[in-house]
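Undergrad: Just so you know, the protein sequences line up as chains A and B, in that order. Under our numbering, the first sequence has 821 at position 183, and the numbering climbs by one with no breaks. Under our numbering, the second sequence has 1592 at position 424, and the numbering climbs by one with no breaks. Quick one: the structure is below, questions incoming.
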Amino acid sequence: MQDDPKPVILKATNIKKSFHIPLEVKILDGVDLAVCRGDTVAIMGRSGEGKSTLLQILGTLEKACNGKLEIANQEVRSFNKPKIRNKHLAFVFQSFHLLEDFTTLENILMPARIARKSTSKGSAAYNHGLELLDLVGLSDRAHFRTKQLSGGEKQRVAIARALCNDPDIILADEPSGNLDKKNADTIHTLLLDFARKNNKALIVVTHDPSLADLCDQQYRLEDGKLVAL
Amino acid sequence: MFELSVALKYLLPRWRQLSVSIISLISVLVIALVVWLIIVFFSVTHGLERVWTQKLIALTAPVRITPTEAYYNSYYYLVDGISANSDYTLKTLHEKFESPQTDPYDIYVDEEPPLEWPEADRDGNGELKDIVKKTYEAINQIQGVPGLTAHDFEMTMGNLKLHLVREANLDNELIHTYDQQMLSQGAYLGSFDSENPSLAQATLPISEEDLNNVLAMSQLTADESLKPVETERLRDRLHKFFNSVTINQLKTPSKGWVLPRRLLPKKGKLQVLTVWEGKQLNRVVIPGAPLPKSEIPSDVPVAQLNIATNTLTMGDGATHKLPKSVPLIVQGNWTLPVKLMTNSIDQAQDANQVRFNATFNLQRVSFEGEIPLGKLQIVQAKVAKNTKSSLWLTHEGTTYSLPTDPELGDGILLPKSFRDSGALVGDRGYVSYYTPTASSVQEQRIPVYVAGFYDPGIIPIGGKFVLANQEMTSLIRASHNQEDTQLSNGINVRFTDLSKAESVKEQLEKAFLADGIDQYWKVETYREYDFTKDLLQQLSSERNLWSLIAAVIIIVACSNIISMLIILVNDKRVEIGILRSMGATSRSIATIFGFCGMVMGLMGSVIGTLVAVVTLRNLKGLIDFISRVQGYEVFNPVFYGNTLPNEVSFEALAFVMAATVLTSLLAGIVPATKASMMRPSTILRSE
């Protein structure tokens, strides 16, 4: 990986994490990972092995007990976490996690609003939101409430939302875990195509070998360490 | 601002979050209720305080300047007492102001001053300082107070005796008999200030009863003999009266009024009551409207009067010719629209002989013709405004004038308590005071008559405070011992904006100091007067107390918001996690929930304010309704006046708005902090 000419966008060094419940349980025990722009990375592993925890640490949502995390050449510290999340990262969750009080388009534009960009009709962000809706094939659902959408549609909206602020890294946690095969395939294609076409890094935590196979790199989390497959 | 837009979305009621919606609604309603209550209460009390303050200082002014002991002991004041130029008489402030000479003492004419004589206070040029004139100059130089005027006032004491003469026998038109009563009252006599703007609100309008009294009194000579005045004089007085008064309606006396037969139309039928003495018809009573059966007395037979045939048809069908000698009596208290026949005044020997053209209906039968005033009473009349009259208090624009009458003396303005004791405009009497003579103390009398009434407000001596022309107060003051002059003479500085009182006081004190006359004057604002201090302090401390209570109520009302927001935060924990994952800072999350609290507070305030405005607009109707329901007045007019103030107090509005929004914002702090401390990883993993 060191020989890779593509720039490293995420670099995790010696990430350790343990929980005290109440005895200490080591989840991650020195994880090293470097992801470059355009890389698609799948992380697999048994349930409870710590895949999601690792993804959350990489996504700055969870704090590691030890180790160093750099995203877009910035070391992650507590003061710059929200900005890094807003600018460089995007999440796609298994259970979609859309904001139910808002419409489809409003959900998609939320990261832009958090970044204090104008999202009024006709603004650049608004038009970008419409393009993303078009990309995920939901142009006709722009003003639907999210609860009126099917599971597959919800995840497509979640992906569109993830792409709103043009992030460098997309972190997906079992993105098709709640979907049927057909919808799952659509989601996989969407994610991978987008990442490759736009030179974005994609890190997917999944149980699904078919999704993992589609990725350039596969890792398995075993005994708190990442093992390349 | 994304925090606000998210907060507003969260506050939209949704079925899915029924409990949150219901609690939010209740919280908003409770706040609205509290805001409504506070605004209405404070607006009314604030208005009352304003009205009371205005009433308190109606007779004085927002700022009052009174001479100090130093003034009365000064050369400037005392020198008049030893100067021939001043007739060896001390001068009032008014006289000092009018006097062309500052120092009347003439070394060649006047005796040498006594040994213990005060030093003259002279300016740089060696001239005696004209303290009063300098004071007026200082007043004229006050800046930033529009409409400021200054007038000196005098107060003295005297004994007012009013001779209340009322016509006793209203049945007989030809004989005048009178009931007499004396109303005696030790009174404070204040100098009447024709420019006092409070007079416009304080003076009570001339009532119809007053008019009847003035008319009745015009027939009597000025002395107490109750003799009729000579005809020429009477006509003169009647002209004066009718020049100022247009009578529109007269009322029949309560015992009925004899209808002149010439007024009977050619035809028509009337239901009448026949009063018999044995078999002799004594009189016929005509009700204004046909009486229902239940109201007809059983011992008075009803008949129908056919005017054309002059016959009475009784209930049993019997008919009687109506003899000319039997009087036709129109029922009591029946109103007759009339118009004065001006030429009748010059023919009248008696006020009762003044004639009117009357056009009226009795039981839909029209009557028309001339009627003499007789015992009819004025019930509706128009008193000409801006027409100077010697009968009562008049005004031209904002300048009021107390009348004087060459025969009757000086017109005086009485506090309304006299009216409650039975006095009316037109009543005559005198003010007596005592002057020391060489051998004894002699009673002096100044004839006066009642020229009007005013509402003295709520000052303690208000009920005894009679306003009279300054000549009269000066005269009485001059006869009094000089020791008690101190509180009874001074300068009222008037202006409309009471909030400027302190600034006026400061400017005056500064100017007096610069002129070196500060030791001669005591400058007080209306909050410092002896008779206002306690009351205004009480009102102010009550307001503070109520503000405190209001603040507590607002806090209790807003604490509802805390529980609602805690539920909302729990409800929205996933969304908090999602927003955090998208880069929202913990401060943003706290702001969202802070806004939720603030928006609710604001909504409650706005609703409460709107309802309060509507309530205040319809306050009278509301109070009337409550009074009807509970059976007695909610607000006693003695204390609160006839109408409660109903202007929204902006002070109250600002207080409530600020307190509510601030408290609800504070109420949002706990839940907002809780929300901001939630760790997104924990939230999202648990889902």
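The beta carbon of each residue, even a glycine, is placed where N, CA and C say it ideally should be.
Measure the Cβ-Cβ separation of A1519/B and L1541/B and say whether it is below 8 Å.
TA: yes
Undergrad: Take every Cβ of the segment 732-743 of chain A, pair it with every Cβ of the segment 820-828 of chain A, and state whether three or more of those distances are shorter than 8 Å.
TA: In short, these stretches do not touch, since the Cβ pair count stays below three.
Undergrad: Give a yes or no on contact between the segment 800-812 of chain A and the segment 838-851 of chain A, applying the rule of three or more CB pairs nearer than 8 Å.
TA: yes
Undergrad: Is the number of C-beta pairs between the segment 1472-1488 of chain B and the segment 1546-1557 of chain B that are closer than 8 Å three or more?
TA: No contact exists between the segment 1472-1488 of chain B and the segment 1546-1557 of chain B.
Undergrad: Only counting the same chain, and skipping five residues up and downstream in sequence, which positions put a Cβ closer than 6 Å to that of A1840/B?
TA: A1758, F1761 and G1762
Undergrad: Looking at the structure shown, is R1596/B part of a helix, part of a strand, or coil, going by DSSP?
TA: strand
Undergrad: CB N1657/B to CB L1261/B, shorter than 8 Å?
TA: Less than 8 Å separates the beta-carbon of N1657/B from that of L1261/B.
Undergrad: What residues of chain A sit near E1743/B, judged by a beta carbon separation below 7 Å?
TA: L737
Undergrad: Taking Cβ-Cβ distances below 8 Å as the criterion, which residues of the segment 742-768 of chain A are in contact with chain B?
TA: M748, P749, R751, I752, A753 and R754
Undergrad: If we define contact as Cβ-Cβ less than 8 Å, is P813/A a contact residue for chain B?
TA: no
Undergrad: Between L1330/B and V1634/B, how many whole angstroms is the CB-CB distance? I'm expecting something under 8 Å.
TA: Not really, about 10 Å apart at Cβ, beyond 8 Å.
Undergrad: Rounded to a whole number of angstroms, what is the C-alpha to C-alpha distance between I722/A and V1829/B?
TA: If you draw a straight line from the Cα of I722/A to the Cα of V1829/B, it comes to about 34 Å.
Undergrad: Beta carbon of Q1831/B, beta carbon of G1315/B: below 8 Å?
TA: It is Thr, not Gln, that sits at residue 1831/B in the sequence shown. No.
Undergrad: In chain order, what residues of the same chain have a beta carbon less than 8 Å from the beta carbon of Y1256/B, not counting five sequence neighbours either side?
TA: D1248, G1249 and I1250
Undergrad: Could you check what DSSP says for P813/A in three-state terms: helix, strand or coil?
TA: In this structure, P813/A counts as coil in the three-state DSSP scheme.
Undergrad: Which one of V1203/B, D1467/B, A1175/B and N1474/B has the shortest CA to CA distance from T1487/B?
TA: N1474/B
Undergrad: Against chain B, with Cβ distances strictly below 8 Å, would F657/A count as a contact?
TA: No, F657/A does not count as interfacial toward chain B.
Undergrad: What residue does the beta strand (DSSP E) around P1505/B start on, and which one ends it?
TA: T1503 to L1508
Undergrad: When the Cα atoms are used, what is the spatial distance from Q1654/B to P1235/B?
TA: Low per-residue confidence applies at Q1654/B: pLDDT is 49, beneath 50, and the placement is therefore not dependable, though the value from the model is reported in the following sentence. Here the alpha carbons of P1235/B and Q1654/B stand approximately 7 Å from one another.
Undergrad: Would a check of beta-carbon distances place T1828/B closer than 8 Å to chain A?
TA: no
Undergrad: So Y1694/B packs on I1225/B, CB below 8 Å; how close in whole Å?
TA: Distance from Y1694/B to I1225/B at the Cβ level is roughly 5 Å; contact confirmed, criterion being Cβ atoms closer than 8 Å.
Undergrad: For the ligand FMN, is there a heavy atom less than 7 Å away from the beta-carbon of I1497/B?
TA: This structure does not include the ligand FMN; it has no bound ligands of any sort.
Undergrad: What residues from chain B crowd round N816/A, counting only those whose CB sits closer than 9 Å?
TA: Within 9 Å Cβ-Cβ: nothing; N816/A doesn't reach chain B, min ~12 Å.
Undergrad: Would G1326/B and S1600/B qualify as a contact pair, given that the criterion is a beta-carbon distance under 8 Å?
TA: yes
Undergrad: Across which residues does DSSP place W1444/B in a beta bridge pair?
TA: L1449/B
Undergrad: For A710/A, which option in A650/A, L864/A, H845/A and Q793/A has the closest C-alpha, if you only look at C-alpha atoms?
TA: Among A650/A, L864/A, H845/A and Q793/A, the Cα nearest to that of A710/A is on A650/A.
Undergrad: Does the Cβ-Cβ distance between V1443/B and L1394/B come in under 8 Å?
TA: Contact flag unset, no.
Undergrad: Below 8 Å between beta carbons: does that hold for Y1568/B and S1362/B?
TA: yes
Undergrad: Which value, in whole angstroms, describes the spacing of the CA atoms of S685/A and G1776/B?
TA: 56 Å
Undergrad: If you drop the 5 nearest sequence neighbours on each side, which residues of the same chain put their C-beta closer than 8 Å to that of G1215/B?
TA: L1812, P1813, N1814, E1815 and S1817
Undergrad: By Cβ distance, which residues of its chain are closer than 7 Å to D1686/B, with the 5 residues on each side in sequence left out?
TA: If the five residues before and after D1686/B are omitted, its C-beta is found closer than 7 Å to the C-beta atoms of E1677 and F1680, all from its own chain and listed in chain order.
Undergrad: Which residue marks the beginning of the beta strand (DSSP E) containing D1665/B, and which one marks its end?
TA: Counted as a single uninterrupted DSSP element, the stretch harbouring D1665/B is not any beta strand (DSSP E), since DSSP gives it neither H nor E.
Undergrad: Whose C-alpha, out of L829/A, A800/A and N652/A, is nearest the C-alpha of A850/A?
TA: L829/A
Undergrad: Using a beta-carbon distance below 8 Å, is R1662/B in contact with chain A?
TA: Taking Cβ atoms only, chain A never reaches closer than 8 Å to R1662/B, which makes this a no.
Undergrad: Under 8 Å: do the segment 1419-1437 of chain B and the segment 1487-1502 of chain B share three or more Cβ pairs, one atom per stretch?
TA: Touching, yes.
Undergrad: So which of T1555/B, E1398/B and G1630/B has the shortest CA-CA distance to V1413/B?
TA: T1555/B
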